[in-house]
Amino acid sequence: MTLNNPPLSDPPGFFVRLRTYLTTNSAETKPNHPFPELELPRVAIAPGLLLTRIELTVDILDWEIVEVDARNFELHAVVETSLFRFKDDVFVKLNPTPAGTEMHIRASSRVGRGDFGANTRHILDLLTMLRRQV
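Next comes the structure, spelled out in structure tokens:
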């Protein structure tokens, strides 16, 4: 888990997070998420422009873009983990709102029952790098 550097001591607490990282092989952003870093991101950028910036960000992260659906503001990318070279899927769905765009992001492992925080790390890496691009 150290390699993924998950925020183990952040709310809702060490034991809840440890159990999650050991028994769940996916992570996603959503409203009122118990893990604050996975709260649904909302940005004041049109979804088309944001999707273009996400494509650039995915390229910078050296992830493989599998599919982009510009009409529906969706992207599917594959991340190869540094340890064991497992492939994880990252799906992004952008929903336009009057205030901007909601970023629904889901990262999931293809193998295993626990991801050791890898999918949370994928989402955080995407959001951190995207903020540098915006």
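Going from the sequence shown to the numbering used here is simple: count from 1 and add 66. Quick reminder that beta carbons are idealized off the backbone N, C-alpha and C, glycines included.
Spatial neighbours of Trp129 in its own chain (CB-CB distance under 6 Å, excluding positions within 5 residues in sequence) are listed in chain order as Ala143 and Val145. 9 Å or more divides the Cβ of Val156 from the Cβ of Ile126. By DSSP's assignment, Leu160 forms a beta bridge with Met169.
Under the 10 Å beta carbon count, Ala110 is surrounded by fewer than 16 other beta carbons and is classified as exposed.
In the DSSP secondary-structure assignment, Ser174 is bridged to Ser92 and Asp155.
Assigned with DSSP and collapsed to three states, Leu141 falls in strand.
Annotated as distal: Asp191 and Ser92, with beta-carbon spacing of 9 Å or more.
A residue is called buried once 16 or more other Cβ atoms fall within 10 Å of its Cβ, and Ser175 is buried on that count. Beyond the five residues adjoining it in sequence on each side, Gln199 comes within less than 7 Å, by CB distance, of Arg119, Leu122 and Thr123 in the same chain, given in chain order. For Ile131, the enclosing beta strand (DSSP E) has its first and last residue at Glu130 to Asp135. Counting only residues of its own chain and dropping the five nearest sequence neighbours on each side, Arg172 has a CB closer than 6 Å to the CB of Glu94 and Phe157. According to the DSSP assignment, Arg197 belongs to the alpha helix (DSSP H) that extends over Ala184 to Gln199.
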